[in-house]
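First up is the structure itself, then whatever we jot down about it.
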Amino acid sequence: MGGYCGYLANMGGLAAGADAAYIFEEKFDIRELQANVEHLTEKMKTGIQRGLVLRNENSNENYTTDFIYQLYSEEGKGVFDCRKNVLGHMQQGGAPSPFDRNFGTKISAKAVLWISKKLKESYRKGKVFANTEDSVCLLGMRRRNLIFQPVIELKDETDFVHRISKEQWWLKLRQLMKILAKYKTSYDVSDSGQLEHVHRPKEVECGTI
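Residues 1 to 209 (UniProt numbering) are what the sequence shown spells out, left to right.
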C-alpha cells in the first residue's frame, strides 16, 4: 500500500528490523538490489536465520514485487528460500489501540471547537462568509502539535501528480535501517545535520546521530 508514498514501507521496515525497504522517494537500481541480496546471503550464513524485504506499492514500475521475489529466490538458492506476501488492505481495520482512541478524541474535539469558532467569526446578518484563507484548513500533526493549516498553503508543499508531500521528514531515518541491519558501511553527520553515507567495505562504523 501507500501509493507513491514510502512512509509505510520505511517505518514498517524500521519497526520490524527489515534488511531493505524499496520506496518511490529513493531511487534504486539493479546494483543496489544486488548489494542487498549479497548482504542477506552473508547474513543467512551466520546465526541470524531470518530476513525481511519490503517494497512500496509504486516504488518502481519495472522492479515489481514479483521481480524482486524471483531475484532473491534465484540468488538465495542453497542459502535461503523466499516467501512473498502482498499485504494490501489486510493492514487496515481491527480494534483501535488506546493511542488510536485517545488521538481520535483529541483531533475530533479540536475540529469541532475550530468549526464553532469559525462559524461565529464568519456569520454576519444571517449569512456565512467563508472566503478567507483560513476558512479551509487541514488538521494534522506537526512537531507533536495539532495544527490547522490553510489548504492554499499546502498547495506549494504538495506533489499533486504523486499525491505526496514535496518534503518528507521521515527520509532522514532511511539510513538507520542499514545501520540496524549491520550493512558494511559508515555513516557520519554532515554540518547540515543530514546523515551521510560513506562506503567502507571491511568495517562497520556508526557516527553520532
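In this text, a Cβ means the ideal position worked out from N, Cα and C, and glycines have one as well. All values reported here derive from a predicted model rather than from experimental measurement.
Range covered by the alpha helix (DSSP H) that runs through residue i
{"i": "Leu173", "result": "It is not in any alpha helix (DSSP H) - Leu173 carries neither H nor E in the DSSP assignment."}
Cutoff 7 Å; reference residue i; Cβ partners in own chain excluding five residues on either side
{"i": "Glu136", "result": "First, the residue type needs correcting, since residue 136 is Val and not Glu in the sequence shown. Result list for Val136: Pro150 and Val151, in chain order."}
{"i": "Gly193", "result": "Unreliable placement is indicated for Gly193, whose pLDDT of 46 sits below 50; no coordinate value is reported for it."}
{"i": "Lys118", "result": "Ser135"}
{"i": "Leu154", "result": "Leu138"}
{"i": "Gly88", "result": "Met1"}
{"i": "Trp114", "result": "Phe148"}
{"i": "Lys110", "result": "Leu139 and Leu146"}
Beta-carbon contacts of residue i that lie in its chain and below 8 Å, excluding the five residues immediately before and after
{"i": "Thr158", "result": "Ile164, Ser165 and Lys166"}
{"i": "Thr41", "result": "Glu75, Gly76, Val79 and Phe80"}
{"i": "Glu26", "result": "Gly6, Leu171 and Arg174"}
{"i": "Lys106", "result": "Leu146"}
{"i": "Met141", "result": "Ile147"}
{"i": "Ala35", "result": "none"}
{"i": "Leu33", "result": "Tyr63, Ile68 and Leu71"}
Contacts around residue i, its chain only, beta-carbon distance under 6 Å, and the 5 residues preceding and following it disregarded
{"i": "Ile209", "result": "Residue placement at Ile209 cannot be trusted, given a pLDDT of 35 that sits under 50; the coordinates are not used to answer."}
{"i": "His162", "result": "Tyr4"}
{"i": "Met44", "result": "Val79 and Phe80"}
Contact under 8 Å by Cβ, residue i with residue j
{"i": "Met177", "j": "Leu71", "result": "no"}
{"i": "Gly2", "j": "Glu57", "result": "yes"}
{"i": "Tyr47", "j": "Leu180", "result": "Contrary to the premise, residue 47 reads as Gly rather than Tyr in this sequence. Not closer than 8 Å, so no."}
For the segment 105-163, which segments carrying the beta strand (DSSP E) assignment without a break, of at least 3 residues, lie completely within its bounds, in sequence order?
-> Correct list: 137-142 and 145-150.
Report the residue ranges of all beta strand (DSSP E) runs contained in full by the UniProt domain "Phosphofructokinase" (1-114); include only those spanning at least 3 residues, in chain order.
-> Listed in chain order, the complete beta strand (DSSP E) runs (minimum 3 residues) inside the UniProt domain "Phosphofructokinase" (1-114) are 20-22 and 53-55.
Quick one: any contact between the segment 22-33 and the segment 1-9, if contact means 3 or more CB pairs under 8 Å?
-> Cβ pair count under 8 Å is three or more, so yes.
Taking contact to mean at least 3 C-beta pairs separated by less than 8 Å, is the segment 39-54 in contact with the segment 62-82?
-> A contact is defined here as three or more CB-CB pairs under 8 Å, and the segment 39-54 meets this definition with respect to the segment 62-82.
Please determine if the segment 54-70 and the segment 92-105 are in contact, where contact requires at least 3 C-beta pairs separated by less than 8 Å.
-> Result no; under three Cβ-Cβ pairs closer than 8 Å.
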